[in-house]
Amino acid sequence: MATVKVKFRTSSVSDREGALFYRIIHNRIARQINSGHKLFASEWSALHAGVLLSNCEGPRRAYLVALRSRIAEDKNRLERIIDLLDRAGEGYTAADVAALYLAPSACEGFLSFARKLIGQLRQIGKNRTSERYATIMNSFGRFRGENEVAWEEVDSDLMIEYETYLKSRGVCPNTSSYYMRGLRAIYNRAVEKKMTLQREPFKYVYTGIGKTIKRAVPLHVIRQIRDLDLSRSPAMDFARDIFMFSFYTRGMSFVDMAYLKKKDLQNGILSYRRQKTGQQLFIKWEKPMQEIVSKYNTNGTPYLLPIIRDMNADARRQYRNAAHLVNDKLKKLGEKLGLSVPLTSNVARHGWASIARNRNIPLATISEAMGHDSEKTTRIYLASLDTSAVDKANSRILNAL
293 MATVKVKFRT SSVSDREGAL FYRIIHNRIA RQINSGHKLF ASEWSALHAG
343 VLLSNCEGPR RAYLVALRSR IAEDKNRLER IIDLLDRAGE GYTAADVAAL
393 YLAPSACEGF LSFARKLIGQ LRQIGKNRTS ERYATIMNSF GRFRGENEVA
443 WEEVDSDLMI EYETYLKSRG VCPNTSSYYM RGLRAIYNRA VEKKMTLQRE
493 PFKYVYTGIG KTIKRAVPLH VIRQIRDLDL SRSPAMDFAR DIFMFSFYTR
543 GMSFVDMAYL KKKDLQNGIL SYRRQKTGQQ LFIKWEKPMQ EIVSKYNTNG
593 TPYLLPIIRD MNADARRQYR NAAHLVNDKL KKLGEKLGLS VPLTSNVARH
643 GWASIARNRN IPLATISEAM GHDSEKTTRI YLASLDTSAV DKANSRILNA
693 L
């Protein structure tokens, strides 16, 4: 195993500060790294290989105290690099240790690596992934108090602590799993780049996907939402219109509605590509869809709906802000109606699928209408929705006892 020693070299000019350097010794071969730190010979103890504080006061003493900390941090970082190389089980040299220490990435911990990755993903246009990772790292950063996390700290104990932290704040298992899967994806990228070793830190935390709570509403509730008089609340009226437009268009997702363009409507057919999968869908244009579109002024924009309004501002930010506002108003609308299901724009999608299934529309047709890549996806999607048919069957069996 390599060793690290802190050494001091006096200046060749009297009354000038000397330089500190780190000596790495491995297999009797030494390499030196200039620390960039300077101090006078009287401030260094060769016997204890440390900074002396007894001969000064004031600002100079504060500098030396800070220098002690920086030296300790540098030495710890070198020792972490050596530990990683030892655990890799492959041969290395003192020069390898020095090279890793001097590489910019060597001083990166888990948080800084993740933030750098988020920036890179954003630059290459992978906005959905970068936003997902940013949300996850914001949560993990709060858990850590925004303190950097050394690679050797990323282990199963840390992830169990984070899972416990999430539970204590009322985060549901599926959301906790969502965060863990995102962290695992970031961690695996670091392993691929040889930033750290694979320690399987997510081995003992939940990373599965459980059934979600029922998020569909029946047809009579859809009618209630449609027929509400919301003329005194324009924001809530707009949220209701977006909800209904989603339902009218076979459960179109909010992001797809946001990016619909006027040119997508041709000869009575609305065509668009799903943002999530890239699949192209075609929808026959119906009267209630036109009523909603005609209600709003979208002059000056290429978009069909007034979600992205300012052509000089970031479109994705406008979409996210609008999604937040719409879902906030829909939640209040659902409370006003006394719904047991939290009302969101996604409920329109779930509702359309559930109503279609209850009207015996073939699974293949529902799958195609919703833009799923397979019927298996549709089955999974429907599995957590309306269980009334199963409940009725159970009641019949119990009544027969």
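Just so we're aligned, residue 293 is where the sequence shown starts under this note's numbering, counting upward by one. Just so it is clear, CB atoms sit at the ideal spot from N, CA and C, and this is done for glycine as well.
- For R542, there is no enclosing beta strand (DSSP E), as DSSP marks it with neither H nor E.
- Secondary structure note for K576: it is in no alpha helix (DSSP H), and the uninterrupted beta strand (DSSP E) holding it is 572–576.
- Taking 8 Å as the upper bound for CB-CB distance, F313 and K330 are not in contact here, some 11 Å apart.
- For E309 and A354, the gap between their C-alpha atoms comes out near 17 Å.
- The alpha-carbon separation between I410 and R476 amounts to approximately 14 Å.
- In the structure shown, S306 adopts coil according to DSSP, grouped into three states.
- Under the three-state reduction of DSSP output, R473 falls in the helix class.
- By the C-beta density criterion, T467 is exposed, having fewer than 16 other C-beta atoms within 10 angstroms.
- With contact defined as three or more Cβ pairs closer than 8 Å, the stretch 479–497 and the stretch 431–438 are not in contact.
- Rounded to whole angstroms, K553 and L597 show a C-alpha spacing of 8 Å.
- Distance from the Cα of V343 is smallest, within the candidate group S334, S431, T593, for S334.
- Counting of Cβ neighbours within 10 angstroms places A358 among the exposed residues, the total staying below 16.
- In the displayed model, R515 falls within a helix according to three-state DSSP.
- Taking a 10 Å sphere around the C-beta of A531, we find 16 or more other C-beta atoms and assign the residue as buried.
- In its chain, beyond the 5 residues on either side, A442, W443, E444 have a beta carbon closer than 8 Å to the beta carbon of R372.
- Residue state for V296 is assigned as strand, using DSSP reduced to three classes.
- With contacts defined by Cβ atoms closer than 8 Å, F574 and I561 form a contacting pair.
- Under the three-state reduction of DSSP, H642 is assigned to helix.
- DSSP places S431 inside the alpha helix (DSSP H), whose first and last residues are 419–435.
- Contact between the stretch 518–526 and the stretch 541–548 is not established, with fewer than three Cβ pairs separated by less than 8 Å.
- Taking the C-beta atoms as reference points, Y496 is found no nearer than 8 Å to S469.
- With respect to the 8 Å criterion, D620 and Q610 are not classified as neighbours on the basis of their beta carbons.
- In this structure, H340 and T385 do not form a Cβ contact; the two beta carbons are roughly 29 Å apart against a cut-off of 8 Å.
- When only Cα atoms are considered, H512 and D449 end up about 50 Å apart.
- Assigned with DSSP and collapsed to three states, H318 falls in strand.
- Scanning L403, W577, D521, T569 for the CA closest to the CA of S538 turns up W577.
- DSSP places I325 within a strand segment (E or B) once states are collapsed to three.
- Taking 8 Å as the cut-off, the beta carbon of G663 is found closer than this to the beta carbon of R566.
- The Cβ atoms of M451 and M429 lie no closer than 8 Å to each other.
- Cα atoms of I658 and D548: separation of roughly 18 Å, rounded to the nearest angstrom.
- L403 and G433 have their alpha carbons spaced roughly 7 Å apart.
- For R352, the closest of K367, F332, A364 by C-alpha to C-alpha distance is F332.
- Shown here, L635 sits in coil according to DSSP, grouped into three states, outside any helix or strand.
- Taking a 10 Å sphere around the C-beta of V483, we find fewer than 16 other C-beta atoms and assign the residue as exposed.
- Contact check for A645 and F546: beta-carbon distance about 16 Å, past the 8 Å limit, so the pair fails to qualify.
- According to the DSSP assignment, Y564 belongs to the beta strand (DSSP E) that extends over 561–565.
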